[in-house]
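Visitor: This is the structure I have questions about; it appears just below.
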Amino acid sequence: GLFGFLSIIFLSILNFFYRVTYNYGLSIIILTCILQVFTFPLTRKSFKSMEAMKSLQPKINELRVKYKNDPKRLNIEIMNLYRSRKMNPFGGCLPMLLQIPIFWALFTMLRNAVELRHSPFIFWIRDLSMKDPVYVLPILMGATMFLQQKLTATDPAQSKMMMFMPVLFTVIFFNFPSGLVLYWLMNNILTLAMQSIMYRKSTVKG
62 GLFGFLSIIF LSILNFFYRV TYNYGLSIII LTCILQVFTF PLTRKSFKSM
112 EAMKSLQPKI NELRVKYKND PKRLNIEIMN LYRSRKMNPF GGCLPMLLQI
162 PIFWALFTML RNAVELRHSP FIFWIRDLSM KDPVYVLPIL MGATMFLQQK
212 LTATDPAQSK MMMFMPVLFT VIFFNFPSGL VLYWLMNNIL TLAMQSIMYR
262 KSTVKG
């Protein structure tokens, strides 16, 4: 695919750690941790942008009440508010978009890696290329995704819509290979941990 060269690099790293751990599940976890370290600056930038958006939410709610019968004027006033604070409403999304090549390369690599076939991880997961037989990993993934949405939601109206996403992703991931779901779960856990730490620091500073 378009990011096949990244998939090859990630597979080489995965095989390297397998020679150390003799467990592809542990290798996936280590690879996920390494990628989180490299993408941390983008995660931090996205978090700061979302926190700035949260600080504007009371003012935006006031504008919505004031111009509830004039949608065009409401949009103008909201954009003027962003401009006066020198903020980009899409600032929290842009850093995440830059990570799409990494996520897609990992997705295709873990979905197609022959090395994962018949490769066990722990307990009930005896084959990382097959779906989780008891659906523990996808359920945990959905739960961590729900917590992420809860932590980063800025608009109450949007947050209700965003809460549907963890349910949808959980259902979709039911039939995905365990190795892929394990990566997504670990990525969620690490991102959630970093967001919690950054949130506490911002609260202390505030």
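Position in the sequence shown (first residue = 1) + 61 = the working numbering.
Cβ coordinates follow ideal geometry from the N, Cα and C atoms, glycine included.
#1: Work out the CA separation of Val228 and Ile70 for me, nearest whole Å.
#2: What do you get for Val242, buried or exposed, if any count of 16 or more other CB atoms within 10 angstroms of its CB means buried?
#3: Quick one: what's got a C-beta closer than 8 Å to Ile200's C-beta in the same chain, skipping five residues either side?
#4: To the nearest angstrom, report how far apart Leu135 and Tyr128 are at their CA atoms.
#5: Determine the contact status of Ser190 and Pro132, defining contact as a CB-CB distance below 8 Å.
#6: To the nearest angstrom, how far is it from the Cα of Leu92 to the Cα of Trp185?
#7: Using a Cβ-Cβ cutoff of less than 7 Å, which residues in the same chain neighbour Leu198 once the five nearest sequence positions on both sides are dropped?
#8: Are the CB atoms of Asn248 and Lys192 nearer to each other than 8 Å?
#9: In chain order, which continuous runs of the alpha helix (DSSP H) of length 4 or greater are located wholly inside the segment 117 to 186?
#10: Ala204: which of Phe234, Pro181, Phe182 sits nearest, CA to CA?
#11: Is it buried or exposed, Ile161, if we count other Cβ atoms within 10 angstroms and call 16 or more buried?
#12: Go to Ser73, then tell me how far its alpha helix (DSSP H) extends in each direction, as first and last residue.
#13: Quick one, are the C-beta atoms of Ile89 and Leu75 less than 8 Å apart?
#14: Pull up the distance between the alpha-carbon of Gln256 and that of Met148, whole angstroms please.
Guide: So, to answer that:
#1: 32 Å
#2: If you draw a 10 Å sphere on the C-beta of Val242, you find 16 or more other C-beta atoms in it, and that means buried.
#3: Thr231
#4: 5 Å
#5: no
#6: 22 Å
#7: Ser239, Val242, Leu243, Leu246
#8: No. Outside cutoff.
#9: Counting only runs of 4 or more, we get 132 to 145, 155 to 158, 161 to 173.
#10: Phe234
#11: Exposed, since its Cβ has fewer than 16 Cβ neighbours within 10 Å.
#12: 65 to 82
#13: yes
#14: About 20 Å.
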